[in-house]
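Trainee: Okay, so the sequence shown: first residue is 103 according to the numbering used here, each after it adds one.
No residue lacks a Cβ here, since even glycine has one placed at the ideal position from N, Cα and C.
This is the structure, below, for whatever I ask next.
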Amino acid sequence: MQLQLSFIDLPCELIGQSAMGGRSSNLDKFQDYFTINKTGSTLDVKQTVPYWSENRPSLSGILFQKYTVAINLNDYASLGIDEVLISTASHLTLQGLNVPRLSVHANPAGVDISRSQFQELDLRGSACSFTLSNVAVANSVNIDIHSASVNWKPAPHELTLELKQVSGSVTCGGKRMDAPHTYRRGSGSPRVVVNCIGGSVNLG
């Protein structure tokens, strides 16, 4: 089962099941801006109306106001969600997600991921930034960015880093890495594959 989320321009906090507590899903708050459909094995949550053009908020509202879109994954546990797909052109904070696979496409955007666990993680985008804090990935990470940045501090002694195409900066443990090359630390898990055209990738 896939949970597919699309945010055009709504700065959001997406709260996963481990951070939900007793709260329930509040997507209804944004029913004028979102459509929610289940098609086959995909649950699709899509922002269909540009928020800023409708509300014309003040500059302070654009810069500082953030909305919490709480999706209680427990609500969909019976559906067996094994993959979350996100596309965003705004600022998105992901907290407490624990799913087998997360894929995020950002253009342009700022994506912060914290206190989450995945088996596979896929980060793609241009003119964007990804910041990961207290994020554990068991098997594989794919990073494919253009004029963007990724900052993540994985476990210090475990990593296989494979650099495919790099014209920007890639550092690992404070050391600059040259491409194409494969670096291995400790158990070699997770395997991190990097394509970085402009921008930077900083792994600890």
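Judging by CA-CA distance, which residue of Val151, His283, Thr273 is the nearest neighbour of Lys266?
Mentor: It is His283 whose Cα lies nearest to the Cα of Lys266.
Trainee: Take Leu234 and list the residues in its own chain whose beta-carbon comes closer than 6 Å to its own, dropping the five residues that flank it on each side.
Mentor: Here the set comprises Ile215, Trp254.
Trainee: Please check the pair Phe109 and Ala229, which I expect to be a contact at CB under 8 Å, by giving their CB distance rounded to whole angstroms.
Mentor: Rounded, the Cβ-Cβ distance is 16 Å, inconsistent with contact.
Trainee: Give the DSSP-derived three-state secondary structure of Thr273 in the structure shown.
Mentor: Three-state DSSP puts Thr273 in a strand.
Trainee: Taking Val243 as the reference, which of Ser249, Arg226, Gln106, Gly142 has the closest Cα?
Mentor: Nearest of Ser249, Arg226, Gln106, Gly142 to Val243, Cα basis: Arg226.
Trainee: Could you check which residue in Val186, Asp111, Leu112 has the C-alpha nearest to that of Ser143?
Mentor: Ranking the options by Cα distance to Ser143, first place goes to Val186.
Trainee: Could you work out which residue in Pro113, Pro256, Ser302 is closest to Ser291 when comparing CA atoms only?
Mentor: Selected option, being the one with the closest Cα: Pro256.
Trainee: Leaving aside the five residues before and after Gly212 along the sequence, list all residues of the same chain whose C-beta is less than 7 Å from its C-beta, in chain order.
Mentor: Correct list, in chain order: His193, Cys230, Ser231.
Trainee: Using a threshold of 7 Å, state whether the C-beta atoms of Val237 and Ile245 are closer than that.
Mentor: No; because the gap between Cβ atoms is not below 7 Å, this pair is not in contact.
Trainee: Beta-carbon separation of Ser302 and Gly270 under 7 Å?
Mentor: Result yes, Cβ atoms of Ser302 and Gly270 sit closer than 7 Å.
Trainee: Which word fits Ser189, buried or exposed, when buried means at least 16 other C-beta atoms lie within 10 angstroms of its C-beta?
Mentor: It is buried - the Cβ of Ser189 has at least 16 other Cβ atoms within 10 Å.
Trainee: Measuring straight from C-alpha to C-alpha, what distance separates Ile247 and Gln104?
Mentor: Approximately 23 Å, taken between the alpha carbons.
Trainee: Per DSSP, Arg226 forms a beta bridge with which residues?
Mentor: DSSP lists His207, Asp246 as partners of Arg226.
Trainee: Sort out for me which residues DSSP pairs Gly212 with in a bridge.
Mentor: Gly212 pairs with His193, Ser231.
Trainee: To the nearest angstrom, how far is it from the Cα of Met279 to the Cα of Ala250?
Mentor: Spanning the two alpha carbons is a distance of roughly 17 Å.
Trainee: Tell whether a beta-carbon distance below 7 Å holds between Leu116 and Leu196.
Mentor: Yes, the Cβ-Cβ distance between Leu116 and Leu196 is below 7 Å.
Trainee: In angstroms, rounded to a whole number, what distance separates the CA positions of Ser126 and Leu199?
Mentor: Unreliable placement is indicated for Ser126, whose pLDDT of 43 sits below 50; no coordinate value is reported for it.
Trainee: In the DSSP assignment, find the beta strand (DSSP E) that holds Thr144 and state where it starts and stops.
Mentor: From DSSP, the beta strand (DSSP E) with Thr144 extends over 144-149.
Trainee: Helix, strand or coil for Val186 per DSSP?
Mentor: Correct three-state label for Val186: strand.
Trainee: Check whether the Cβ atoms of Arg287 and Leu261 sit closer than 7 Å, and answer yes or no.
Mentor: Yes, the Cβ-Cβ distance between Arg287 and Leu261 is below 7 Å.
Trainee: Since I believe Glu264 is in contact with Val72 (beta carbons under 8 Å), could you give me their beta-carbon distance rounded to a whole number of angstroms?
Mentor: Not covered by the structure: residue 72. The range shown for the chain is 103 to 306.
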